[in-house]
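In this note's numbering, the protein residues as written are 440 to 742. Each residue gets a CB set at the ideal place from its N, CA and C atoms; glycine is no exception.
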């Protein structure tokens, strides 16, 4: 009872919500880049929200089903087909033994998510299935999915007719505004530098991966000439010596020595995960109370 990977695409990994409580050992959190898309797929299937999922970053991905189950495709808009018949994403599909599942061209967005009912039956490492290649943890042998891999799952004959309402399906634009909580190091940035930061537009550079997103635009200057390395949270915005902001993401290093102007609201990082190289980023300040309420509302929708 499994999928056979016919075409793995350029970069497909198994992820879940991440690996926690091990950063003191130098083990990054990892996990899905776009939690909205991932949690939506699990909600539609009736899975536990910590269930694993395939994160497909490039097109040309194909699976062969060896047993009946249910799947859901969310995330980037893509050409998704079952037995070469185009299908809608953001809804549950019944899969039968012998079916071919393909992810073709990615149209809008960057990451596609494929969830299966009850998830893939693979062993957890440090409490998670998330693949972290630089640490050789999670997934299958700690690396990306390869042609010929077998992804085991439990047979499922349920008829699940759930789909996401159109108004809740994200539209992935070329411009994005990220909400930012200023950091405790904000005093090292003058009022002028902070105003410049919040009134400038930045371009996403090719240095954009699961670890971080480096931007290019108006340089920001800090009065600090480096800091003693300290823990880095998800969404932290480092300002290196060249003044170009770097947003730290799911596979960020656990410590770093650049000053940080602030932290992007985590739910906005999920939107950033679907941006493409060359996209435009702007920043706006948000206060802690508003940020907490936004996070509470986001996760309450999946309860």
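| Check | Outcome |
| --- | --- |
| Neighbourhood of residue 441 by C-beta distance below 6 Å, restricted to the same chain and skipping five residues each side | 505, 589, 590 and 591 |
| Contained beta strand (DSSP E) runs [length at least 3] in the segment 489–517, N- to C-terminal order | 492–495 and 500–504 |
| CB contact flag (residue 526, residue 511, <8 Å) | no |
| Buried versus exposed, by CB contacts within 10 Å (16 or more), residue 740 | exposed |
| Beta-carbon proximity of residue 617 to residue 730, cut-off 8 Å | no |
| Bounding residues of the beta strand (DSSP E) (the contiguous stretch that carries residue 552) | 539–555 |
| Beta-carbon proximity of residue 656 to residue 640, cut-off 8 Å | yes |
| Candidates 684, 711, 690 and 708: closest to residue 698 by CA position | 684 |
| Identified DSSP bridge partners for residue 679 | Per DSSP, none; premise fails for residue 679. |
| CB contact flag (residue 767, residue 671, <8 Å) | Lying outside 440 to 742, the shown extent of the chain, residue 767 is not represented and no answer is given. |
| Rounded separation between residue 448 and residue 700 - CA only | 37 Å |
| CA nearest to the CA of residue 666, picked from 509, 615 and 680 | 680 |
| Where residue 733 sits in the DSSP three-state scheme | helix |
| Cβ-based neighbour list, residue 484, same chain, cut-off 7 Å, excluding 5 preceding and 5 following | 509, 511, 531, 554, 556 and 599 |
| Length-filtered (4 minimum) alpha helix (DSSP H) runs lying within the segment 573–638 | 630–637 |
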